[in-house]
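**Q**
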Amino acid sequence: MPLQDPAQGSIFPSLSSSSSRSRTRRRASQPAAMDLELNFEISRTAEFILNRNFTRVALQFPDDLLKHSTKVVTCLRNKLGSGNKVGLFVMADTTFGSCCVDEVGASHIGADCVIHYGHTCLSPTSTLPAFCVFGKASISIPLCVEKLSSYFGTNGKPIVVLYGLEYAHAISHIKEAMVEAMPKTKLELIFADIMCSIINPLEDHRKSDELGYLGSCSSVNSLGAATGTRCSLGGLIWDLLEGRRMEDYLLLWIGPDNSAFSNVVLTFNGCEIVRYDATEDQLVTDVSQQKRILKRRYYLVERAKDANMVGILVGTLGVAGYLHMIRQMKELIMLAGKKAYTLVMGRPNPAKLANFPECDVFIYVSCAQTALLDSKEFLAPVITPFEAMLAFSRGSQWTGTYIMEFRDLINSSQLEVSKQPEEARFSFLKGGYVEDFELQENGDGDNDGTLALANVTEKALQLRDRDPDSLVKGIAKSGAEFFVTRSYHGLETQANSSSPEPYLIGRSGKASGYKDERSEPETL
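In structure tokens form, the structure reads like this:
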């Protein structure tokens, strides 16, 4: 039984006290206990655990919900019963984004499944099943319907309603109230549904790679293309009418301005979008600030085209298909004549990436809702796999379509960079033509590892032998070449002397006065 938080107190007061003060606390705590059980779906969670006979369960909480973890564990333990020997483990401070299921942390305790609380991207898992508890955010249905009906009454376009998963509990009531408030209008109104709250990983990952989608919560068609009328994004799924495209609809978002909303704005940047803020009871019609992000992303694509060394940042170790995406990025970078380095460092920040100054650009392989990093403070830009496809594929042009889910890129387009002619391209940033297509050292396939290493070393030595006072610096094509151009290489050893150097005893004592320092007499 986990310990209760002494600052919060127990949600089940003691039954032995008979004082009026104790009865008042009991009556006040009963609604709180009922709200806790409803918001955290204690009954459904216990049913999920018992039906599947799980014995070790990891409970993943984001930072803002961690304060409720002890109460949730207590309620869940009571619902499971004392006879069930189910181990409950609380996880916090996830390695990557809290919206993804932390399979790495769950594997450390040998968990059979993960119960994910709070905001989630519903990305498919690789090995462990997960049960997602979205929570129930507060929203005034009458006020919401009043705002929406007054706005949609003057707009004749069909409407698609998307929402944050924390408002899913109220969507059916909003839909009924909207139909009653606008009975005479023939308004085409489509409400998205939630894909699922239970994520089951596929047993055969090789089969999923061949199909191009992974996990039970896979994306069906995030762009609403002519191949089908079913669309999905961020765990929501909806069907368009025959012959319709997403650009024909007015898109309504119910929820805050968060990463999920940014995902919607970028993916459906051709739609008219409005947002209803439930906390402020306000209808926001100006989303130009969010759409301005597209200009920034296009600029980063142009910067990535001039890169020579590319770092691949692993932003997830649990989302199904991330290894496939990393391999695809490596192949794309190699065919573009550039060097690729794979880095695993948890959540990226400017200080971490500053340790790799040789990388001109970084590709962040993560879920859709954590893929966009504001890299203004970074030494090198951070782009998404879709932007890397645009930057490193010769002849590719951006049509305005933006893909956030890297799983939608798997097997979506063939890499034909190697078939392009070796010709100069125009760089908008440098203002001239540049030749950046070079054959790889191991392109012939006949060089073994030793010969390839010798070629790289020879190039590095040639770069080092250049005049150090020369103002013309060569452009490094690999990490080894970049390293030899640095002014500081660490502790240098005497290569000519094979005998060991004698060790010396350093200074001892305090910084205010070492033992070898003579103390001068004080003068009055």
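Mapping to UniProt numbering: the sequence shown position 325 is 325, numbers consecutive.
Glycine included, every Cβ here is placed at the ideal spot set by N, Cα and C.
Give every residue of the same chain whose Cβ lies closer than 6 Å to the Cβ of K79, excluding the five residues on either side of it in the sequence, and list them in chain order.
**A** For K79, the CB contacts under 6 Å within the same chain, skipping 5 residues up- and downstream, are I42 and A46 in chain order.
**Q** Check the C-beta distance from H108 over to P62 and give it rounded, since I have them as a contact under 8 Å.
**A** Actually they are not in contact, since the Cβ atoms of H108 and P62 sit about 19 Å apart, beyond 8 Å.
**Q** Can you give me the C-alpha to C-alpha distance between residue 526 and E387, rounded to a whole angstrom?
**A** This structure does not reach residue 526, given that the chain is present from 1 up to 524, and the question cannot be answered.
**Q** Can you tell me whether I199 is helix, strand or coil according to DSSP?
**A** strand
**Q** Does DSSP put R245 in a helix, a strand or coil?
**A** coil
**Q** How would you label L335, buried or exposed, when you count the other beta carbons within 10 angstroms and need 16 or more for buried?
**A** buried
**Q** If you draw a straight line from the alpha carbon of I199 to that of C132, how long is it in whole angstroms?
**A** Rounded to the nearest whole angstrom, the C-alpha separation of I199 and C132 is 8 Å.
**Q** With distances taken from CA atoms, which of A278, L283, N269 and A304 is nearest K291?
**A** Taking only the C-alpha atoms, the option nearest K291 is N269.
**Q** Quickly, what does DSSP pair G513 with across the bridge? List them, please.
**A** K510
**Q** Do L379 and P357 have their C-beta atoms within less than 8 Å of each other?
**A** yes
**Q** Going by Cα to Cα distance, which pick from T95, S82 and G105 is closest to F89?
**A** When each option's Cα is compared against that of F89, the closest is G105.
**Q** List the endpoints of the continuous beta strand (DSSP E) containing I505.
**A** I505 -> no beta strand (DSSP E), and no H or E assigned at all.
**Q** What residues match up with T342 in a beta bridge as DSSP calls it?
**A** T342 is bridged to I312.
**Q** Taking only the alpha-carbon atoms, compute the straight-line gap between E232 and N308 and give it to the nearest angstrom.
**A** Just to set this straight, residue 232 is Ser in the shown sequence, not Glu. Going by the C-alpha atoms only, they are around 36 Å apart.
**Q** Can you tell me which of R77, A137 and D239 puts its alpha carbon nearest to the alpha carbon of G164?
**A** A137
**Q** Buried or exposed for N155, going by 16 or more other Cβ atoms inside 10 Å?
**A** Classification for N155: exposed.
**Q** With burial defined as no fewer than 16 other Cβ atoms inside 10 Å of the residue's Cβ, what is the status of G400: buried or exposed?
**A** exposed
**Q** Cα-Cα, which of Y151, P201 and L317 is closest to Y276?
**A** Per the Cα distances, Y151.
**Q** Assuming G318 and D102 form a contact by the criterion Cβ under 8 Å, report the distance between their Cβ atoms to the nearest whole angstrom.
**A** 7 Å
**Q** On the three-state DSSP scale, how would you describe L189?
**A** strand
**Q** Enumerate in chain order the residues of its own chain whose CB-to-CB distance from L36 is below 8 Å, with the five nearest sequence positions on each side excluded.
**A** Cβ neighbours of L36 beyond the five flanking positions: I11, I42, H68, K71, V72 and C75.
**Q** Taking 7 Å as the limit between beta carbons, can you name the residues of its chain near G224, skipping five residues before and five after?
**A** Because G224 carries a pLDDT of 37, less than 50, the predicted location of this residue cannot be relied on, and no value is offered for it.
**Q** Taking the alpha carbon of E146 as the reference point, which residue from A278, I410, S508 and R77 has its own alpha carbon closest?
**A** Comparing Cα-Cα distances from E146 to each of A278, I410, S508 and R77, the minimum goes to A278.
**Q** With DSSP as the reference, label H205 as helix, strand or coil.
**A** Low confidence applies here, because H205 scores a pLDDT of 42, under 50, leaving its location unreliable and the question unanswered by this model.
**Q** Considering only residues of the same chain and omitting the five flanking positions on each side of R507, which have a CB-CB separation below 8 Å?
**A** Y514, K515 and D516
**Q** Thinking C-alpha only, which one of E176, P142 and V365 is nearest I190?
**A** E176
**Q** For the alpha helix (DSSP H) that contains E302, what are its first and last residues?
**A** I293 to K305
**Q** What number of angstroms, rounded off, separates the C-alpha of L504 from the C-alpha of L122?
**A** 60 Å
**Q** Flag this pair as yes or no: are the beta carbons of Y167 and I141 separated by less than 8 Å?
**A** No, Cβ-Cβ distance for Y167 and I141 is not below 8 Å.
**Q** Going by DSSP in three states, F12 sits in which element: helix, strand or coil?
**A** Unreliable positioning characterises F12 in this predicted model, as indicated by a pLDDT of 30, which lies under 50. A coordinate reading is not provided.
**Q** If M195 sits next to L236, beta carbons under 8 Å apart, how far is it from one beta carbon to the other, in whole angstroms?
**A** About 7 Å separates the beta carbons of M195 and L236, which is inside the 8 Å limit, making them a contact pair.
**Q** For the beta strand (DSSP E) containing S232, name the first residue and the last one.
**A** R230 to L233
**Q** If P201 and S126 are in contact, beta carbons under 8 Å, what's the gap, nearest whole angstrom?
**A** 6 Å
**Q** Am I right that residue 530 and P381 are in contact with their C-beta atoms under 8 Å? What's the rounded C-beta distance?
**A** For residue 530 there is no data in the structure shown, the boundaries of the chain being 1 and 524.
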